[in-house]
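Please read the structure below before turning to the comments.
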Amino acid sequence: MKLQTNQIYSKKMKIEEILIIGAGPAGLTAAWEADKHGIKTTILEGDKVVGGISRTVERNGWKFDIGGHRFFTKVEEVYEIWDEILGEDDFLLRPRMSRIYYNKKFYDYPLKASNALLNLGIFEAIRCVISYFYVRIKPPKDQSNFENWVAARFGWRLYNIFFKTYTEKVWGIDAKDIGADWAAQRIKNLSLLKAILDSLKLNKSGEIITTLINEFKYPKFGPGMMWETASKKLIDKGHNIYFNCRVSEIIKEDDIYKVTTKNGESFYAKNILSSMPLAHLPSTIKPEPNQEVNKSGSDLAFRDFLSVALVIDEKNAFPDNWIYIHEPDVEVGRVQNYGSWSPYMVKEGKTCLGLEYFVNIGDRLWTMEDEELIKLAKKELEKLSLINKDSVYEGYVVRMPKAYPVYDLNYSENVNNISEWINQDHPNIFPIGRNGMHRYNNQDHSMMTAVKSVRNIILNEKNDIWTINVEEDYHEEASTGRTAPIQKS
125 MKLQTNQIYS KKMKIEEILI IGAGPAGLTA AWEADKHGIK TTILEGDKVV GGISRTVERN
185 GWKFDIGGHR FFTKVEEVYE IWDEILGEDD FLLRPRMSRI YYNKKFYDYP LKASNALLNL
245 GIFEAIRCVI SYFYVRIKPP KDQSNFENWV AARFGWRLYN IFFKTYTEKV WGIDAKDIGA
305 DWAAQRIKNL SLLKAILDSL KLNKSGEIIT TLINEFKYPK FGPGMMWETA SKKLIDKGHN
365 IYFNCRVSEI IKEDDIYKVT TKNGESFYAK NILSSMPLAH LPSTIKPEPN QEVNKSGSDL
425 AFRDFLSVAL VIDEKNAFPD NWIYIHEPDV EVGRVQNYGS WSPYMVKEGK TCLGLEYFVN
485 IGDRLWTMED EELIKLAKKE LEKLSLINKD SVYEGYVVRM PKAYPVYDLN YSENVNNISE
545 WINQDHPNIF PIGRNGMHRY NNQDHSMMTA VKSVRNIILN EKNDIWTINV EEDYHEEAST
605 GRTAPIQKS
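In our numbering, the protein residues as written are 125 to 613.
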């Protein structure tokens, strides 16, 4: 399928230097960076609001943080961007508090030796330590899956208590079918020994373990405040953001792309920064790739998410930002207390608890009526003794599709196939962000993929965005800068 050459180069037709797909943290950060180099962008957002999963949802004056977003990073440049967008008075410094609920007891997270001993009991604690030293001597041979990777670092007993049940709730599949990359990315630098040393103040390395931070910055009206403010400032600077413009087709002709949305609008661009799901690119771009690349796109999976928010009296709530629920006989995976994130998100004397359910679109929970979901959430909180019976004033349901890219055992090969095709056939299309790269990135990681990609375009830098990892220094290559991630075993 080709465009008419005279149509592409019509003097009346605006050709964007940079067109951005998606107005989440990655897309808006890309525009923010482009503006610093004098480039105005056009952003196409499929939804009616900005922020993606980092939005703040408001219902009847209550504000909900979908997924929970701690504003913490080891990358100073990310802090600088946050501070450019919001003023000092817009941030709160919040204490970090998370616990694990297991077997009707609360466990501090990160692990504290005294708390674990008290809750597990001396004999079970000894068994866990023995199990840990056993895997140090005889580790699992194949550590390419989540189960064996974590067991090798915590021992089998602690793995079964603190990782297996919760992880299988999140992903809806057996932990053996989840790639080790998920564990390596989310609990990097954390092991039983390091956690115990940290709890006993014996970790002298000075290493910052992201999982163990004690406080973080937080916009007082939730994470959406950051991206709503960014979008307003970008519009004031001359950038265009189009809402309800979900991209349906991208056609390449020579060095120009025609981008068509589902509502029939067309845009033209030299370069595209795409935070749309990487899985959708093979079927969206024309001419289509080969069958192998198309299959890789269709094989990439997502986990969807819904949150049930229940209003209760503030005095009856727990103090944590969230609690991980490791009980196998309830479906809820995690419970947030929005009032612990920010008092500006709740109303005086009351707070809101957000029960997080990890689902697939079309399954029983996703299709359940809101009232039934609210009843289920009440019942499960009462069963867990996290609230008193009949203490809920009101409830709300928020659904979020494609919240989490799934790290199954084949995801890395699929991502490689798509990335190599884009690199070869479409070097002016740059995947960025969580869904755009099919990587479970935090906000800061997503933001830096955008910053580095913009610099590749404007400054001709050779940043390899696929190796960006906020836990390490960023790497650069002298080649294409587009190398795909390699599965490590």
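We put the CB at the ideal spot given by N, CA and C, even for glycine.
Under DSSP, the beta-bridge partners assigned to P555 are S398. The three-state reading of DSSP puts E157 in helix, counting H, G and I together. Secondary structure at T384: strand, using DSSP grouped into helix, strand and coil.
Going by beta carbons, V459 and L430 fall outside the 7 Å limit. Here L479 is bridged, per DSSP, to V432 and V459.
Within the model, the alpha-carbon separation for G170 versus V199 is close to 29 Å. The continuous stretches of beta strand (DSSP E) do not include Y564, and DSSP gives it neither H nor E. For the pair K187 and M469, the CB atoms are nearer than the 7 Å cut-off.
As the crow flies, the alpha-carbon of G185 is around 46 Å from that of E248. Out of G148, H193, K160 and T166, the CA that lies nearest to the CA of V174 is found in G148. DSSP, read as helix, strand or coil, puts R579 in helix. If you ignore the 5 residues before and after A501, its C-beta comes within less than 8 Å of the C-beta of V432, L434, V456, L479 and G519, all in its own chain and listed in chain order. Taken in chain order, the unbroken stretches of alpha helix (DSSP H) that lie wholly in the segment 342 to 393 and span 4 residues or more are 347 to 360. Assignment of D232 by DSSP, reduced to helix, strand and coil, places it in the strand class. It is roughly 17 Å from the alpha-carbon of E352 to the alpha-carbon of L216. Sixteen is the threshold: when 16 or more other Cβ atoms of the shown chains lie within 10 Å of the Cβ of Y381, as they do, the residue is buried. Annotation for V522: the continuous beta strand (DSSP E) segment containing it runs E518 to P529.
Contact annotation: the segment 369 to 379 touches the segment 156 to 170, with at least three C-beta pairs closer than 8 Å. Assignment of beta-bridge partners to K474 by DSSP yields D437. Secondary structure at N184: coil, using DSSP grouped into helix, strand and coil. Note that the segment 190 to 199 touches the segment 563 to 580; at least 3 beta-carbon pairs, one per stretch, sit closer than 8 Å.
In the pairwise beta carbon analysis, the segment 481 to 491 is classified as not touching the segment 446 to 454: fewer than three pairs are separated by under 8 Å.
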